[in-house]
Amino acid sequence: NGMKSWAKSLNVTHYTHWFQPLTDGTAEKHDGFIEFGEGTEVIERFSGKLLIQQEPDASSFPNGGIRNTFEARGYTAWDVSSPAFVVDTTLCIPTIFISYTGEALDYKTPLLKALAAVDKAATDVCQLFDKNITRVYTNLGWEQEYFLVDSALYNARPDLCLTGRTLMGHSSAKDQQLEDHYFGSIPPRVTAFMKELEIECHKLGIPVKTRHNEVAPNQFELAPIFENANLANDHNQLVMDLMKRIARKHHFAVL
207 NGMKSWAKSL
217 NVTHYTHWFQ
227 PLTDGTAEKH
237 DGFIEFGEGT
247 EVIERFSGKL
257 LIQQEPDASS
267 FPNGGIRNTF
277 EARGYTAWDV
287 SSPAFVVDTT
297 LCIPTIFISY
307 TGEALDYKTP
317 LLKALAAVDK
327 AATDVCQLFD
337 KNITRVYTNL
347 GWEQEYFLVD
357 SALYNARPDL
367 CLTGRTLMGH
377 SSAKDQQLED
387 HYFGSIPPRV
397 TAFMKELEIE
407 CHKLGIPVKT
417 RHNEVAPNQF
427 ELAPIFENAN
437 LANDHNQLVM
447 DLMKRIARKH
457 HFAVL
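Each number in our numbering comes from the position in the sequence shown (counting from 1) with 206 added on.
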């Protein structure tokens, strides 16, 4: 009830278990809070069961060949170590994604297992020197380097539209020879994109801090403050989604 009340105060109408399947990005299925009450009246309800676990269709997600397509059952389970967040009118709940028999179908589950293993091994070593140490936390400081391409130029390139990579054409007339782009003045149009991106990141609790020109023409970088590795990974996924959406508003495509 507490999470639902908080979400409703932000005009939220739907909720989703937000997970990271073995694809390029994240996945989500939005469900409304409305249910039938007694008779035909419609009420809003969000139970603890819906918060903790759900059963999305896993038949069409990559699985590394461990199951057949008709073995569709998959489970999402709430990752309590990563805060829920609101995007537009949807409450997003970070979750792991596993099969009916417990195999990981996502990137978050192996990450959490790895962090637990590092914690145990590092704590054992630290206790050789200080018995008061009971836990070791893993922090991560990721960065995003990206290219901004004008939408009209992007749409004129089938290779970029279909693959996000350069597969045809000739070398750029201006490359890195002059070494004048790195840490140079940021163009006004790019600055406007960066400002809006930072505002949206801060709304979601993503502590972005640094922005600058990178080495290649039209290459830029964004970097946040170091934070818990699991949360940092979630924030990195969110940033990549935000970048694509905001870039379209500024008539850019992000590579």
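Beta carbons are placed, not taken as given, at the ideal position from N, Cα and C, and that holds for glycine. Computed from a predicted structure; not experimentally measured.
Where does residue i fall in DSSP's three states?
i    : result
D263 : strand
Q350 : strand
G370 : coil
Q425 : strand
L297 : strand
G208 : helix
T246 : coil
I302 : strand
N442 : helix
D365 : helix
E402 : helix
H223 : strand
Looking at residue i: is its Cβ nearer than 8 Å to the Cβ of residue j?
i    : j    : result
H456 : R417 : no
H387 : P423 : yes
P300 : D440 : yes
G428 : Y313 : The residue asked about is misnamed: residue 428 is Leu in this sequence, not Gly. No, the Cβ-Cβ distance between L428 and Y313 is not below 8 Å.
N269 : L311 : yes
G238 : H220 : yes
N434 : W348 : no
E234 : T222 : yes
What do you get for residue i, buried or exposed, if any count of 16 or more other CB atoms within 10 angstroms of its CB means buried?
i    : result
A213 : buried
F225 : buried
I304 : buried
M374 : exposed
A438 : buried
A264 : buried
Between the Cα of residue i and the Cα atoms of the options, which residue gives the shortest distance?
i    : options                   : result
Y343 : D325, S265 and A362       : D325
N345 : F426, L448, N436 and A398 : N436
I240 : Q259, G231, E234 and V218 : V218
E406 : Q425, R371 and L444       : L444
E309 : N338, D294 and R279       : R279
P262 : A283, F399 and P393       : A283
Kindly give me the distance between the Cβ atoms of residue i and residue j, rounded to whole angstroms, as I take these residues to be in contact under 8 Å.
i    : j    : result
E402 : I452 : 5 Å
M209 : L257 : 6 Å
Y306 : F426 : Contact flag wrong, Cβ pair sits at about 43 Å.
D356 : F458 : 7 Å
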